[in-house]
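Trainee:
Residue numbers (our numbering): 167 to 642.
#1: What's the gap between the Cα of residue 204 and the Cα of residue 180?
#2: Jot down the residue ranges of each uninterrupted beta strand (DSSP E) in the region 381–437, minimum 3 residues, whole runs only, in chain order.
#3: Would you give the residue range spanned by the alpha helix (DSSP H) that residue 571 belongs to?
#4: Nearest-angstrom Cα distance between residue 577 and residue 456?
#5: So residue 365 is in the alpha helix (DSSP H); what residue range does that whole segment cover?
#6: Please classify residue 564: does DSSP put it in a helix, a strand, or coil?
#7: With a threshold of 16 other CB atoms inside 10 Å of the CB of residue 174, please say whether the residue is buried or exposed.
#8: In angstroms, rounded to a whole number, what distance separates the CA positions of residue 233 and residue 212?
#9: Would you list the residues sitting across from residue 164 in a DSSP beta bridge?
#10: Can you tell me whether residue 542 is buried or exposed? The criterion is at least 16 other CB atoms within 10 Å of its CB, across all chains shown.
#11: Pairing CB atoms from the region 448–466 with CB atoms from the region 410–417, are three or more of them under 8 Å?
#12: Which residues mark the beginning and the end of the alpha helix (DSSP H) in which residue 604 is found?
#13: Within the region 260–310, note down every full beta strand (DSSP E) run reaching 3 residues or more, in order along the chain.
#14: Mapping DSSP to helix, strand and coil, what is residue 583?
#15: What do you reckon, are the CB atoms on residue 307 and residue 430 nearer than 8 Å?
#16: Near residue 252, which residues of its chain fall below 7 Å by C-beta distance, leaving aside the five closest residues on each side in sequence?
#17: Please look up how many angstroms separate the CB atoms of residue 461 and residue 618, rounded, as I've assumed it's under 8 Å.
#18: Tell me which same chain residues have a C-beta within less than 6 Å of the C-beta of residue 435, skipping the five on either side of it?
#19: Looking at the structure shown, is residue 256 part of a helix, part of a strand, or coil, going by DSSP?
#20: What's the gap between the Cα of residue 325 and the Cα of residue 271?
#21: Put residue 623 into one of helix, strand or coil per three-state DSSP.
#22: Return the chain-ordered list of same chain residues with a C-beta closer than 8 Å to the C-beta of residue 332, the five sequence neighbours on each side being excluded.
#23: Contact between the region 466–484 and the region 602–618 is defined here as three or more beta-carbon pairs at a separation below 8 Å; is this criterion met?
#24: Closer than 8 Å is the cut-off here; do at least three beta carbon pairs connect the region 396–405 with the region 307–320?
#25: Can you have a look at residue 362 and say buried or exposed, based on whether 16 or more other CB atoms are within 10 angstroms of its CB?
#26: Whether or not the region 262–270 and the region 581–588 are in contact is what I'm after, with contact meaning three or more pairs of Cβ atoms, one per stretch, closer than 8 Å; do they touch?
#27: Between residue 464 and the rest of its own chain, which residues show a CB-CB distance below 6 Å, the 5 nearest in sequence each way excluded?
#28: Are the Cβ atoms of residue 476 and residue 450 separated by less than 8 Å?
#29: Measure the beta-carbon distance from residue 479 to residue 591 and round it to whole angstroms, keeping in mind my assumption that it falls under 8 Å.
#30: Helix or strand or just coil, what does DSSP make of residue 378?
#31: Have a look at the DSSP bridge pairing and note the partners of residue 246.
#32: Going by DSSP, which residues form a beta bridge with residue 203?
#33: What did DSSP end up calling residue 238 once you bin it into helix, strand or coil?
#34: Is residue 276 closer than 8 Å to residue 379 when the C-beta atoms are compared?
#35: Output yes or no for whether 8 Å exceeds the beta carbon distance between residue 369 and residue 187.
#36: At the level of alpha carbons, what is the spacing between residue 601 and residue 293?
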């Protein structure tokens with residue numbers, strides 16, 4: 167008898183070696199769970215992969231590494247895509263969701279030294295040593311700890327950056343010898359570069375790590391992977407649910423809510439550290455997040471820490487009270503507040519005319535309502551905080567009615583995460599993680615982060631205006 171033809175699932179990914187390695191990791195995990203399926207990789211180039219001579223913070227698009235992948239999803243050219251979650255904006259395009267969050271490796275940054283500096287630490291490098299990094303957060307944070315060092319932008323995939331470190335006579339800041347010749351730029355000789363530990367380990371390059379920066383704040387969702395798919399595709403959602411890792415999702419949701427509450431992105435130095443207890447498998451019962459907002463030069467830094475117990479059940483009494491409460495529409499639910507509405511040019515997706523657009527005005531309005539709602543009473547229940555012995559500020563452990571509504575809403579999104587099928591308790595825990603992140607953002611803003619962020623935005627607008635003026639200036 168002829169063998170049964172397996173159903174094919176098309177998986178989109180960026181073209182970089184790391185992206186393909188991470189996609190292969192996801193596929194191998196899925197193959198063990200679903201041997202009846204055949205998975206094929208579809209490689210897609212993104213704008214972030216193409217523009218390599220401009221710092222990420224200056225390009226100005228929050229979807230640098232995701233937009234083309236999302237267009238392929240909406241055009242039904244692929245069934246799901248694999249992302250480094252830190253690259254995924256907190257606002258999802260309409261109709262797309264994160265069907266799982268999984269395999270969160272170490273979120274720490276690491277130092278890779280040039281061949282002549284192997285096994286050294288940043289503290290051992292001479293004054294003025296050149297350190298390559300593409301992230302404003304890393305620059306701001308490391309300038310606070312190592313003011314003697316010089317931090318210079320470095321772009322390209324991990325292979326390219328490593329070659330720039332090891333072979334500076336070949337690579338320049340422009341990326342090619344031709345550009346070096348045209349601009350007469352001398353090659354940049356890096357003494358070290360800073361990268362994410364997770365990516366280095368996934369490529370099998372752990373032996374190149376000379377220092378782990380475990381004392382530094384890391385990027386939001388760094389180290390976590392996620393799969394994005396169409397929200398109405400229940401078949402793919404059910405497959406992806408077998409990859410989902412709750413601990414990875416809870417910490418990432420809280421961090422993404424923090425980022426959203428601060429309206430942050432690659433142009434704002436925002437750092438986090440999340441802690442789950444227990445960390446050794448099972449369902450964690452406690453989550454805390456340390457957040458910080460820094461000025462571009464690292465001279466100013468506002469930090470705040472907030473924690474919360476994670477619910478393990480929905481009490482019968484609260485269930486009865488919830489069922490007696492008049493139902494709320496999707497637009498009025500808390501998820502409608504935490505997942506800002508986005509718009510497309512058309513309600514239907516045309517394969518050759520698809521365009522994604524984000525309604526920033528509505529996003530700001532919704533966000534303000536969300537942050538305000540976090541401190542308002544909910545059926546005479548308040549989000550009061552209390553102090554533990556270690557002085558960590560905690561949210562009230564009692565679930566609010568808003569959180570319970572989300573727990574019972576099978577269509578709820580939590581910073582884009584939509585796992586299906588999943589139980590109501592799991593949704594309640596995600597709602598609490600999201601709440602924690604938004605509340606931490608509120609605390610940071612009221613502690614002085616609002617002033618730092620306003621200064622950064624004003625600086626960005628001035629730089630953009632200057633760039634436009636230079637481009638429009640007449641050439642002699």
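Even for Gly, the Cβ is constructed at its ideal location relative to N, Cα and C. Predicted, not measured: the structure shown is a model, and the values here were computed from it.
Mentor: Short version:
#1: Counting only the Cα atoms, residue 180 lies some 20 Å from residue 204.
#2: Within the region 381–437, complete beta strand (DSSP E) segments of at least 3 residues are found at 391–396, given in chain order.
#3: DSSP places residue 571 in the uninterrupted alpha helix (DSSP H) bounded by 567–574.
#4: Cα to Cα, the separation comes out at about 30 Å.
#5: For residue 365, the uninterrupted alpha helix (DSSP H) segment begins and ends at 363–368.
#6: Residue 564: coil per DSSP, three-state reduction.
#7: Residue 174 is exposed by the Cβ-count criterion.
#8: Approximately 7 Å, taken between the alpha carbons.
#9: Past the edges of the chain, shown from 167 to 642, lies residue 164, and the structure says nothing about it.
#10: Residue placement at residue 542 cannot be trusted, given a pLDDT of 46 that sits under 50; what the coordinates show is reported in the next sentence. It counts as exposed.
#11: Contact between the region 448–466 and the region 410–417 is established, with three or more Cβ pairs separated by less than 8 Å.
#12: Counting along the chain, the unbroken alpha helix (DSSP H) around residue 604 starts and ends at 590–610.
#13: 262–268, 275–279, 296–298, all fully within the region 260–310.
#14: Residue 583 falls in the strand class under three-state DSSP.
#15: With respect to residue 430, residue 307 sits apart: the two C-beta atoms are not nearer than 8 Å.
#16: Contacts found: 385, 386, 387, 388.
#17: Contact holds; Cβ gap of about 5 Å.
#18: Counting only Cβ-Cβ distances below 6 Å, and skipping sequence neighbours, we find 302, 303, 306, 460.
#19: Of the three classes helix, strand and coil, the one that applies to residue 256 here is coil, per DSSP.
#20: If I take the Cα positions, the gap works out to 20 Å.
#21: Residue 623: helix per DSSP, three-state reduction.
#22: Result list for residue 332: 280, 281, in chain order.
#23: Because the criterion of three Cβ pairs below 8 Å is met, the region 466–484 and the region 602–618 touch.
#24: Judged by Cβ distances under 8 Å, the region 396–405 makes no contact with the region 307–320, as fewer than three pairs qualify.
#25: Result: buried.
#26: Yes, since at least three Cβ pairs between the region 581–588 and the region 262–270 fall closer than 8 Å, the two stretches touch.
#27: Excluding residues within five positions, the ones whose Cβ falls inside 6 Å are 306, 309, 310.
#28: Inclusion of residue 476 and residue 450 in the CB contact set at 8 Å is warranted, their separation being smaller than that value.
#29: Rounded to whole angstroms, the Cβ separation of residue 479 and residue 591 is 6 Å, and the two are in contact under 8 Å.
#30: It is a strand residue.
#31: Bridge partners of residue 246: 177, 395.
#32: In DSSP, residue 203 forms a bridge with 173.
#33: DSSP places residue 238 within a helical segment (H, G or I) once states are collapsed to three.
#34: Taking 8 Å as the Cβ cut-off, residue 379 and residue 276 qualify as a contacting pair.
#35: Yes, Cβ-Cβ distance for residue 369 and residue 187 is below 8 Å.
#36: Computed Cα separation, rounded: 44 Å.
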